[in-house]
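Reviewing the structure listed below.
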Amino acid sequence: MGSRMQLFAQIRRDARVEGLGIRALARKYRVGRDTVREALQSPQPAPRKVPVRTSPKLGPWKPHIDAMLRQDLDAPRKQHQTATRIWNRLIDEHGADVSYAVVRDYVRRRRPEIETEAGKRTVAAFVPQQHAPGMEAEVDFGEVWVILAGVKTKCHLFVFRLSASGKAVHRVYPTQAQEAFLEGHIAAFETISGVPALQIKYDNLTPAVVRVIHGTRDRVENDRWVLFRSHYGFDAFYCEPGIDGAHEKGGVEGEVGRFRRTWLSPVPIVDSLDQLNTMIAEWDARDDARRITGRRSSVGEDFALEQPLLQPLPAERFDPGLVLHPRVDRSALITVRQAKYSVPARLIGRQVRVSLRASEVVVFDGRAQVARHPRVVERFGESIVLDHYLEVLQHKPGALPGSTALAAARTAGTFTAAHEAFWQESRKVNGDSRGTRELIDVLLLHRGMRVADVIAAIRAALTVGAVTADVVAVEARLHASGTVLGGSSSNRHPAQHDVDDGKRIVSLTQCRLTDPAAVIAGLPADARPLPSVAAYDELLRRRIKNTPPTTTGSDVVGPLEGNTA
Numbered sequence: 001m002g003s004r005m006q007l008f009a010q011i012r013r014d015a016r017v018e019g020l021g022i023r024a025l026a027r028k029y030r031v032g033r034d035t036v037r038e039a040l041q042s043p044q045p046a047p048r049k050v051p052v053r054t055s056p057k058l059g060p061w062k063p064h065i066d067a068m069l070r071q072d073l074d075a076p077r078k079q080h081q082t083a084t085r086i087w088n089r090l091i092d093e094h095g096a097d098v099s100y101a102v103v104r105d106y107v108r109r110r111r112p113e114i115e116t117e118a119g120k121r122t123v124a125a126f127v128p129q130q131h132a133p134g135m136e137a138e139v140d141f142g143e144v145w146v147i148l149a150g151v152k153t154k155c156h157l158f159v160f161r162l163s164a165s166g167k168a169v170h171r172v173y174p175t176q177a178q179e180a181f182l183e184g185h186i187a188a189f190e191t192i193s194g195v196p197a198l199q200i201k202y203d204n205l206t207p208a209v210v211r212v213i214h215g216t217r218d219r220v221e222n223d224r225w226v227l228f229r230s231h232y233g234f235d236a237f238y239c240e241p242g243i244d245g246a247h248e249k250g251g252v253e254g255e256v257g258r259f260r261r262t263w264l265s266p267v268p269i270v271d272s273l274d275q276l277n278t279m280i281a282e283w284d285a286r287d288d289a290r291r292i293t294g295r296r297s298s299v300g301e302d303f304a305l306e307q308p309l310l311q312p313l314p315a316e317r318f319d320p321g322l323v324l325h326p327r328v329d330r331s332a333l334i335t336v337r338q339a340k341y342s343v344p345a346r347l348i349g350r351q352v353r354v355s356l357r358a359s360e361v362v363v364f365d366g367r368a369q370v371a372r373h374p375r376v377v378e379r380f381g382e383s384i385v386l387d388h389y390l391e392v393l394q395h396k397p398g399a400l401p402g403s404t405a406l407a408a409a410r411t412a413g414t415f416t417a418a419h420e421a422f423w424q425e426s427r428k429v430n431g432d433s434r435g436t437r438e439l440i441d442v443l444l445l446h447r448g449m450r451v452a453d454v455i456a457a458i459r460a461a462l463t464v465g466a467v468t469a470d471v472v473a474v475e476a477r478l479h480a481s482g483t484v485l486g487g488s489s490s491n492r493h494p495a496q497h498d499v500d501d502g503k504r505i506v507s508l509t510q511c512r513l514t515d516p517a518a519v520i521a522g523l524p525a526d527a528r529p530l531p532s533v534a535a536y537d538e539l540l541r542r543r544i545k546n547t548p549p550t551t552t553g554s555d556v557v558g559p560l561e562g563n564t565a
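In structure tokens form, the structure reads like this:
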């Protein structure tokens, strides 16, 4: 039949068009005649009556309950009487015969009324706000799940939002510790090319607040956070604890959910957080074209007007890393936040300085940077670099095949198939120990040469069968200077020659590995002249002719004459 309004419209239509009476209309629509009369009287149905529930048994006890609630007006907050306590007092002190549910419902309704009458509670309401451009911003964290390198990982989304234009900057970090908190601010300031001139609103986040002083807006702040605020020149506004404080920065609260639903659903699949943050920066740029509800201009257009009103960035960039001073153990490893990182073996037993950042770990020896690792997310994880152990492996080449550093290099792809091939050939020619040392010398070349030059040099050395580090070094320099194999005749490598019979000259190393007699028989005849030292004889004669006279007492001895050969 539809709604009651539609029923009234049909009754009024049939009465007007078909001339049906009240009895016929009641029979047709199966309703009472009073309903028909009501419909004919007014097209607007009367509102439904909500039954008012009465509690006749509770009536005599309501004044006693109100008196108990008024006692709580001056009592400490943690010693207010609960509904259970009031119900027990009614039974014990007055012998009341009422149920707990009735007392609970009355206390829930009556307590706010009594506190409001006494001025102890204000009416909950929201006051619309206007934000001056360039003056305020809001910051918050939100949880987000990411398929990181094939593993479902919980990360943390940092959100910075300008209050006036709604321009937002997002970054994802593995933690929401202080280093991520500071790094997110720096990324946001550099993205918008400025700093809010007045204040930024926060929850009572642990990276910033050490202790909340309840009942006031005062907070005991972290010293490093105070230093950061002073460096960039802005004030912090801390919201009230709990759900009430979320309304004081509702813009960023809604932005966390909007961005997560818009761009991070479904769950993103990435190889690293750097890759994800690069994608997020592109999404932030695309969000500049959106319009906030109730505004005519886009976020990007409003931000273009707000950006010149921001404070300029300071001349120096703040280092967001947390400074730690771990000691290097006997395995050339340091432990930072339950994860291990390798450093050069020469630092074993020494204390180093670590800058722990949101996405990386930087190690310093004094002022010199000695190692840089991507931050390990999982507990008891490791980040080991083979280069840090090369000096040790030169003295212990037998430790290389089963080392954790070699396994990590293979997994990371820094120990390539070219290195593997060189190692196998070098061990065939030079033996296990010496062949491994040759490989280590080749790996040391990476410290001063480009990876592409060294890899090309390894392949060139394997081509001519000269599996030594010296040959690889020469080949790497030739490749860096542009002299490569397979070029023109004027730019061709000395080890590559074309002979008349089409056979290629090979190295003596290959002669030893294959059939020496067959290889030597295929070599072309040596047409070079025999060596001579005649030119050096000429130099010797010139030296004797130009020798000054030698005097001994009164005798004078002239230059020697004749053949001086």
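Numbering (the UniProt record's numbering), first residue to last: 1 to 565.
All C-beta atoms in this analysis are idealised placements derived from N, C-alpha and C, irrespective of residue type, glycine included.
From a predicted model like this one, the values you see are computed outputs, not experimental measurements.
Between the CA atoms of residue j and residue i - distance to the nearest angstrom
i, j, result
"Glu-475", "Val-454", "8 Å"
"Arg-70", "Thr-82", "13 Å"
"Ile-186", "Phe-318", "8 Å"
"Phe-422", "Val-467", "7 Å"
"Val-451", "Pro-531", "41 Å"
"Val-429", "Val-533", "36 Å"
"Ala-418", "Val-442", "11 Å"
"Leu-445", "Ser-359", "29 Å"
"Met-68", "Ala-188", "53 Å"
"Glu-382", "Lys-340", "5 Å"
"Leu-73", "Leu-90", "19 Å"
"Val-98", "His-80", "21 Å"
"Asn-563", "Leu-539", "Note that Asn-563 scores 43 on pLDDT, short of 50, meaning its location in the model is unreliable; the coordinates nonetheless yield the value given after this. Rounded to the nearest angstrom, the two C-alpha atoms are 14 Å apart."
"Leu-390", "Arg-290", "54 Å"
"Arg-53", "Arg-110", "15 Å"
"Pro-344", "His-388", "4 Å"
"His-156", "Gly-184", "11 Å"
"Pro-45", "Arg-12", "12 Å"
"Leu-7", "Pro-51", "24 Å"
"Arg-492", "Ala-473", "Low confidence applies here, because Arg-492 scores a pLDDT of 43, under 50, leaving its location unreliable; read the following figure in that light. Cα to Cα, Arg-492 sits roughly 18 Å from Ala-473."
"Leu-347", "Ala-180", "28 Å"
"Glu-18", "Ser-265", "59 Å"
"Thr-116", "Thr-122", "6 Å"
"Leu-205", "Ser-55", "47 Å"
"Glu-93", "Ile-86", "10 Å"
"Arg-77", "Leu-58", "27 Å"
"Arg-27", "Pro-47", "24 Å"
"Ser-165", "Asp-284", "14 Å"
"Arg-25", "Thr-35", "In the sequence as presented, Arg is not what sits at residue 25; that position holds Leu. Leu-25 and Thr-35: Cα-Cα distance of roughly 10 Å."
"Val-226", "Val-212", "15 Å"
Which of helix, strand or coil DSSP assigns to residue i
i, result
"Asp-500", "Annotation note: pLDDT 40 at Asp-500 (below 50); position unreliable, no value reported."
"His-479", "helix"
"Lys-62", "helix"
"Lys-249", "helix"
"Val-336", "strand"
"Arg-4", "helix"
"Gln-79", "helix"
"Ala-96", "coil"
"His-131", "coil"
"Ala-15", "helix"
"Thr-35", "helix"
Proximity test, Cβ basis, 9 Å: residue i and chain D
i, result
"Glu-253", "The chain labelled as chain D is not found in the depicted structure, where only one protein chain is given."
Residue of the options minimising C-alpha distance to residue i
i, options, result
"Gln-176", "Gly-142, Asp-441 and Leu-148", "Gly-142"
"Arg-337", "Gln-351, Ser-355, Pro-344 and Leu-347", "Ser-355"
"Arg-286", "Ile-11, Ala-96, Val-299 and Glu-253", "Val-299"
"Leu-439", "Arg-30, Glu-420 and Met-449", "Glu-420"
"Glu-240", "Asp-34, Asp-203 and Gln-275", "Asp-203"
"Gly-134", "Arg-367, Arg-13, Asp-284 and Pro-308", "Pro-308"
"Leu-40", "Arg-23, Arg-48 and Arg-53", "Arg-23"
"Thr-84", "Ala-75, Val-102, His-325 and Ala-118", "Val-102"
"Asn-222", "Arg-229, Val-209, Ser-230 and Thr-216", "Val-209"
"Arg-372", "Ser-342, Asp-140, Lys-249 and Arg-379", "Ser-342"
"Phe-364", "Val-352, Arg-357 and Arg-375", "Val-352"
"Ser-163", "Leu-227, Asp-302 and Arg-219", "Asp-302"
"Ala-460", "Met-449, Leu-478 and Gly-448", "Leu-478"
- Query: Would you call the segment 159-175 and the segment 104-117 touching, i.e. three or more CB-CB distances under 8 Å?
  - Reply: They do not touch, by the three-pair rule.
Three-pair Cβ contact test at 8 Å for the segment 432-439 versus the segment 396-408: Three or more Cβ pairs closer than 8 Å define a contact, and the segment 432-439 meets that threshold against the segment 396-408.
### Message
Please give the ranges of any alpha helix (DSSP H) in the segment 276-332, keeping only runs that are unbroken, at least 4 residues long and fully inside the region.
### Response
Under the rule that a run must span 4 or more residues, the alpha helix (DSSP H) segments found entirely inside the segment 276-332 read 299-306.
Along the chain, which unbroken stretches of the alpha helix (DSSP H) at least 4 residues long are found entirely within the segment 371-438?
-> List check, alpha helix (DSSP H) in window: 390-395, 404-412 and 417-430.
#### Entry: Segments of 4+ residues assigned as alpha helix (DSSP H) that fall wholly inside the segment 214-241
As far as the segment 214-241 is concerned, its whole alpha helix (DSSP H) runs of at least 4 residues are 223-232.
Below 8 Å, how does it come out for the segment 146-158 and the segment 266-276: are there three or more Cβ pairs, yes or no?
Remark: three or more beta-carbon pairs, one from each stretch, lie closer than 8 Å, so the segment 146-158 and the segment 266-276 are flagged as touching.
With a threshold of 8 Å, are at least 3 pairs of Cβ atoms found where one atom belongs to the segment 192-201 and the other to the segment 220-234? When Cβ pairs closer than 8 Å are counted between the two stretches, the segment 192-201 is seen to touch the segment 220-234, the count reaching three or more.
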